[in-house]
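Trainee:
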Amino acid sequence: MKKKTKIVLEVLFVVLIFLVLLFAFRFNKELKIPHEEIPKEEAPKLKIMDLESKTRPIAVMINNLAPARNYHSGLHEAYLVYEMIVEGGITRLMAIYKDVDVSKIGSIRSARPYYLDYVLENDAIFVHWGYSEQALTDIRLLGISNLDGYYYEKSYFWRDKSLPVASEHRGFTNIENINKGIKALNYRNTSQSKPLLNYSVESVLVNQNEQAIPAREIDIKYSKNVTTHYSYDEKTKMYKRSVNQQPHVDYVSKEQYSFKNIITYQVPNETLPGDVKGRQTLKNIGRGEGYYISEGYAIPIQWEKRTRESKTIYRFLNGEELKVNDGNTFIQIQPIDEFLSIT
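Here the working numbering is used: the first residue of the sequence shown is 84, the next is one more, and so on.
1. Please state whether DSSP places Pro-140 in a helix, a strand or coil.
2. Do Trp-212 and Ser-193 have their CB atoms nearer than 8 Å?
3. Check whether the segment 132 to 147 and the segment 167 to 186 are in contact - that is, three or more C-beta pairs closer than 8 Å.
4. What are the boundary residues of the beta strand (DSSP E) that includes Tyr-375?
5. Would you give the residue range spanned by the alpha helix (DSSP H) that Leu-224 belongs to?
6. Have a look at Lys-277 and Asp-133 and give me their C-alpha separation to the nearest angstrom.
7. Compute the Euclidean distance between the alpha carbons of Gln-363 and Pro-356, then round it to the nearest angstrom.
8. Ignore the nearest five residues each way along the sequence and tell me which others in Val-169's own chain have a CB closer than 8 Å to its CB.
9. Return the CA-CA distance between Glu-317 and Arg-223, expressed in angstroms with no decimal places.
10. Pick helix, strand or coil for Asn-262, following the three-state DSSP scheme.
11. What's the C-alpha gap between Phe-110 and Glu-125?
12. Would you mind working out which of Gln-217, Ala-267, Thr-319 and Arg-299 sits nearest Tyr-313, comparing C-alpha positions?
13. Exposed or buried, what is Tyr-428 when buried is set at 16 or more other beta-carbons lying within 10 Å of its beta-carbon?
14. Quick one: grab the DSSP three-state call for Asn-281.
15. Can you give the Cα-Cα distance for Thr-423 and Glu-392, rounded to whole angstroms?
16. State whether the segment 262 to 273 contacts the segment 376 to 396, with contact taken as three or more CB pairs (one from each stretch) at a distance under 8 Å.
17. Using only CA atoms, which one of Ile-303, Tyr-380 and Ile-376 lies nearest to Ile-416?
18. Per DSSP, which one or two residues make a beta bridge with His-252?
19. Please say whether Tyr-334 and Ser-156 have beta carbons closer to each other than 8 Å?
20. Kindly indicate which residue of Ser-283, Lys-323, Ser-325 and Tyr-348 has the alpha-carbon position closest to the one of Gly-410.
21. Whole angstroms is fine: what's the gap from Ile-296's alpha carbon to Ile-376's?
22. Which stretch, first to last residue, makes up the beta strand (DSSP E) that contains Ala-381?
23. So what's Val-202 in DSSP terms, helix, strand or just coil?
24. In this structure, what does DSSP give as the bridge partners for Tyr-180?
25. Does Pro-150 come out as helix, strand or coil in the three-state DSSP assignment?
26. Taking the alpha carbon of Pro-418 as the reference point, which residue from Glu-404, Thr-354, Ile-382 and Leu-400 has its own alpha carbon closest?
27. In whole angstroms, give me the CA-to-CA distance for Lys-112 and Asp-184.
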């Protein structure tokens, strides 16, 4: 009798263990999070632009005459800005936008032919207000998608009559209006083109390059009329921009423009023969040397532009492609033999 009781108890114990294990297995199966569903820390993403975006960039020609400069609007929203010489020793800017909504951009001025080379290298839609004869010829010849305030002043552009400057310095637009124009003119609004610059999510340690030099103050002279200056801000790790010793300030935000990266190099320029206004041409197809400046240091680089349509390629002197810090960039294409100071 005792033996039978013992056997029964052993059986019951085994059954009990089985039930416990079965319950534990089912409970664990219901609550267990599969390994692949455990949230993983996302890799850092580029802030200056979405590399997966196929939005076509927009290039806007910006008036840089002294009366207009006080009313510059929207340049801080551009991820890339160019500065080049034009007639009379003055310069114009070209700001490139992508995937941003800017309420006021300008003031806007007329096209010059060599700016089209940089519209093309960004596969951008070109926004301007008027043109030189050569620029108009090249816009048509090169098939540039363009939006001209001369024709569309009341549709996609406006003049800010509140500004105490001449009418030609009052022309503005915004991204909303530009997009309306793009749609109305049936322009391609997507692009498969890669960004001009090779951005790095991680900091590019410029100071560790054996050829690096300190770059706290930069002076880039274009003519007796225009000298661009940058001053490094240790706190923000950005370069504050000034023109002719005056802070370059956005009219809407009232903040001084600042940039993460500066690329500067020199090319020859000449006055077009017979042009009564002294318009220029740039010998910008070719190769040369310049500087990449970021986070308080400058390093020598090489640049090469093979055709008007091709992208300018920037390299370290050892031939490797230049990497630039994640942030907005100003490309300063300076007349050859003009004063450049980096200290």
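We treat Cβ as the ideally placed atom computed from N, Cα and C, and that holds for glycine.
Being a predicted model, the structure only gives us computed values, none of them experimental.
Mentor: Short version:
1. Looking at Pro-140 - three-state DSSP - the assignment turns out to be coil, as it is neither helix nor strand.
2. In contact: Trp-212 and Ser-193 (Cβ atoms closer than 8 Å).
3. The segment 132 to 147, when compared against the segment 167 to 186, does touch it at the 8 Å Cβ threshold.
4. Element bounds for Tyr-375: 369 to 377.
5. Counting along the chain, the unbroken alpha helix (DSSP H) around Leu-224 starts and ends at 216 to 225.
6. Approximately 11 Å, taken between the alpha carbons.
7. If you take the alpha carbons of Gln-363 and Pro-356, they lie about 9 Å apart.
8. Only residues of its own chain outside the window of five on either side were considered, and among them Arg-175, Arg-195, Arg-362 and Gln-363 have a CB closer than 8 Å to the CB of Val-169, listed in chain order.
9. If you draw a straight line from the Cα of Glu-317 to the Cα of Arg-223, it comes to about 46 Å.
10. Three-state result, Asn-262: helix.
11. Low confidence applies to Phe-110: its pLDDT is 49, below 50, so where it sits in the model is not reliable, and the reading given next is rough at best. Distance between the alpha carbons of Phe-110 and Glu-125: 31 Å.
12. Between Tyr-313 and the set Gln-217, Ala-267, Thr-319 and Arg-299, the nearest pair of CA atoms involves Arg-299.
13. Residue 428 falls outside the range modelled here, since the chain spans only 84 to 426, and no answer is possible.
14. Three-state result, Asn-281: strand.
15. Per the sequence shown, the amino acid found at residue 423 is Leu instead of Thr. Per the coordinates, the alpha-carbon of Leu-423 lies some 28 Å from the alpha-carbon of Glu-392.
16. Note that the segment 262 to 273 does not touch the segment 376 to 396; fewer than 3 beta-carbon pairs, one per stretch, sit closer than 8 Å.
17. Sorting Ile-303, Tyr-380 and Ile-376 by C-alpha distance to the C-alpha of Ile-416 places Ile-303 at the top.
18. His-252 is not bridged to any residue.
19. At the C-beta level, Ser-156 and Tyr-334 come within 8 Å of one another.
20. With distances taken between Cα atoms, Gly-410 lies closest to Ser-283.
21. Taking the straight line joining both Cα atoms gives about 9 Å.
22. Looking at the DSSP string, the run of the beta strand (DSSP E) that includes Ala-381 is 380 to 388.
23. Three-state DSSP puts Val-202 in a helix.
24. Tyr-180 is bridged to Ile-141.
25. In the structure shown, Pro-150 sits in a helix (DSSP, three-state: H, G or I).
26. Selection Glu-404, Thr-354, Ile-382 and Leu-400 evaluated against Pro-418 yields Thr-354 as nearest (Cα-Cα).
27. Confidence is the limiting factor: at Lys-112 the pLDDT is only 49, short of 50, which leaves the residue's position unreliable, though a coordinate-based value still follows. For Lys-112 and Asp-184, the gap between their C-alpha atoms comes out near 49 Å.
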